[in-house]
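What follows is a set of notes on a single structure, which appears directly below.
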Amino acid sequence: MEFVIINGEFHERSAAKVDIEDRGYQFGDGVYEVIRVYNGKMFTVTEHLERLIESGKKIGMEIPYTVDEMKELLKELMERNQLALGTIYMQVSRGISPRNHAFPAADVAPTFIAYTREVGRPVENMKTGVKAILNEDIRWLLCDIKSLNLLGNLMAKQKAVEAGCFEAIQHRGDIVTEGSQSNISIIKDGKVMTHPADNLILNGITRQKVLEVCRMNGIPYEEATYTVESLLEADEVFLSGTTVEVTPIVEIEGKKVGGGVPGPVTRKLQELLIQEIEKECGSL
Numbered sequence: 002m003e004f005v006i007i008n009g010e011f012h013e014r015s016a017a018k019v020d021i022e023d024r025g026y027q028f029g030d031g032v033y034e035v036i037r038v039y040n041g042k043m044f045t046v047t048e049h050l051e052r053l054i055e056s057g058k059k060i061g062m063e064i065p066y067t068v069d070e071m072k073e074l075l076k077e078l079m080e081r082n083q084l085a086l087g088t089i090y091m092q093v094s095r096g097i098s099p100r101n102h103a104f105p106a107a108d109v110a111p112t113f114i115a116y117t118r119e120v121g122r123p124v125e126n127m128k129t130g131v132k133a134i135l136n137e138d139i140r141w142l143l144c145d146i147k148s149l150n151l152l153g154n155l156m157a158k159q160k161a162v163e164a165g166c167f168e169a170i171q172h173r174g175d176i177v178t179e180g181s182q183s184n185i186s187i188i189k190d191g192k193v194m195t196h197p198a199d200n201l202i203l204n205g206i207t208r209q210k211v212l213e214v215c216r217m218n219g220i221p222y223e224e225a226t227y228t229v230e231s232l233l234e235a236d237e238v239f240l241s242g243t244t245v246e247v248t249p250i251v252e253i254e255g256k257k258v259g260g261g262v263p264g265p266v267t268r269k270l271q272e273l274l275i276q277e278i279e280k281e282c283g284s285l
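With the working numbering applied, the sequence shown has no gaps in its numbers, which climb one by one up to 285 at the end.
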């Protein structure tokens, strides 16, 4: 039997329902998070839940639980579903209200849901690397909010899939922003460079962890914009994210990156991230 959470209560997944006038369904009016689970333990759970609350604030919506309350709910959900390796998906919409573009009255309660999935680690992709395409970034200008409005991301990802690639690297004009579902970083002469955490990208939790291990281990890095040309001339390129960890990109638009094999700095960052995971969650 598999359980989900709806508004703080546990339900069998097969019987769980959300109202058709929920604003998440009709408008994408809400925010979400995906938390990685290793060895039955949540990785960087506090950071994810704090970002969920912050995303809610940015759209004028109060998350109806504290970080500690959500931790307890998610822990019980994980235990009920006996999740050892996978993800917890959670989202909060602005609630159930007759369809109207304006926000509903303040007494309309948000809808909070969460469920689990068994998901393995991307070991093969991390070992061999993946291919990517370039794609013009057509999304809105508040990408720092982890909102339910992902149609632009989906369209970019589908272009990558149709091209036989794993990811679409997005750019606004000549400036690289991020992937369709990941943050993108380049390495040149041993230095890591990634787009600043402004409104044009999501400040990924794994991205933050990568920069943290760079600081801790003396790996040069810079948060700065860079061009498509710089991307294509980089020694190494990698994507980072909750489910992809640190995955090398070895080909972009048919052009090999670094000879078409994962580079030494990316490999080092993979090792350092694994060390951070194991500190919180035990041996992988």
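Cβ atoms here follow ideal geometry from the backbone N, Cα and C, with glycine treated the same way.
With DSSP as the reference, label residue i as helix, strand or coil.
i      : result
Val177 : strand
Glu254 : coil
Phe28  : helix
Gln171 : strand
Gly87  : strand
Thr112 : strand
Thr226 : coil
Lys132 : strand
Glu137 : strand
Ser148 : strand
Val38  : strand
Gly1   : Any question about residue 1 goes unanswered here, given that the chain covers just 2 to 285.
Lys18  : coil
His102 : coil
Gly283 : coil
Pro265 : helix
If we count the other Cβ atoms within 10 Å of its Cβ and call it buried at 16 or more, is residue i buried or exposed?
i      : result
His102 : exposed
Asp69  : exposed
Pro111 : buried
Asp30  : buried
Arg95  : buried
Leu143 : exposed
Gly180 : buried
Thr129 : exposed
Ser284 : exposed
Lys158 : buried
Asp190 : exposed
Gly205 : buried
Leu152 : exposed
Leu155 : exposed
Could you give the C-beta distance for residue i and residue j, rounded to a whole number, given that I count them as a contact under 8 Å?
i      : j      : result
Leu135 : His172 : 6 Å
Val131 : Glu168 : 6 Å
Val32  : Lys147 : 6 Å
Arg118 : Phe11  : Rounded, the Cβ-Cβ distance is 17 Å, inconsistent with contact.
Glu237 : Val258 : 7 Å
Who does residue i pair with in a DSSP beta bridge?
i      : result
Tyr66  : None, per the DSSP bridge assignment.
Ser241 : Asn184, Val247
Phe44  : Beta-bridge pairing links Phe44 to no other residue.
Tyr33  : Gln92
Glu272 : Answer is none; Glu272 lacks a bridge partner.
Lys189 : Lys192
Phe11  : Ile6
Arg118 : Thr88
Asp23  : Ile97
Considering only the alpha carbon of each residue, which of the options lies closest to residue i?
i      : options                        : result
Ala106 : Leu155, Gly130, Ser148, Gly61  : Gly61
Thr207 : Thr45, Cys166, Asn218, Asp20   : Thr45
Glu48  : Gln209, Val247, Arg268         : Gln209
Ile188 : Thr267, Lys280, Val247, Leu143 : Thr267
Arg37  : Gly261, Gly57, Gly255, Glu246  : Glu246
Arg14  : Asp23, Ile21, Phe4, Pro111     : Phe4
Ala292 : Ile7, Asp23, Val35, Ala198     : Because the chain is modelled from 2 through 285, residue 292 falls outside the range shown and cannot be assessed.
Leu78  : Gln92, Gly165, Ala115          : Ala115
Glu281 : Tyr39, Glu254, Arg100, Phe11   : Tyr39
Ile253 : Glu234, Leu285, Ile176         : Glu234
Ile176 : Ala225, Leu149, Glu279         : Ala225
Leu86  : Val35, Gly121, Asn184          : Gly121
Asp20  : Met43, Ala133, Lys76, Pro99    : Pro99
Thr244 : Ile278, Lys269, Gly283         : Ile278
Val211 : Asp190, Thr248, Thr228, Leu232 : Thr248
Thr88  : Leu270, Val251, Gly242         : Gly242
Ile185 : Gly219, Glu223, Gln92          : Glu223
Thr178 : Cys166, Trp141, Leu149         : Trp141
Phe28  : Gly261, Leu274, Ile97, Leu232  : Ile97
Lys42  : Leu75, Lys18, Glu51            : Leu75
Gly255 : Cys166, Asn204, Val229         : Cys166
Asp108 : Pro65, Glu137, Glu230          : Pro65
Leu50  : Arg24, Glu125, Lys18, Val93    : Val93
Met217 : Met194, Leu240, Leu232, Leu273 : Leu273
Pro269 : Arg52, Met2, Met127, Lys18     : Per the sequence presented here, residue 269 reads as Lys, with Pro not at that position. The shortest Cα separation from Lys269 among Arg52, Met2, Met127, Lys18 belongs to Met127.
Shorter than 9 Å from the beta carbon of residue i to some beta carbon of chain B?
i      : result
Asp145 : Included in the structure is just one protein chain, with no chain B present.
Less than 8 Å separating the Cβ of residue i from some heavy atom of the ligand MG?
i      : result
Ile275 : In the structure on display, the ligand MG does not appear, and there are no ligands present to speak of.
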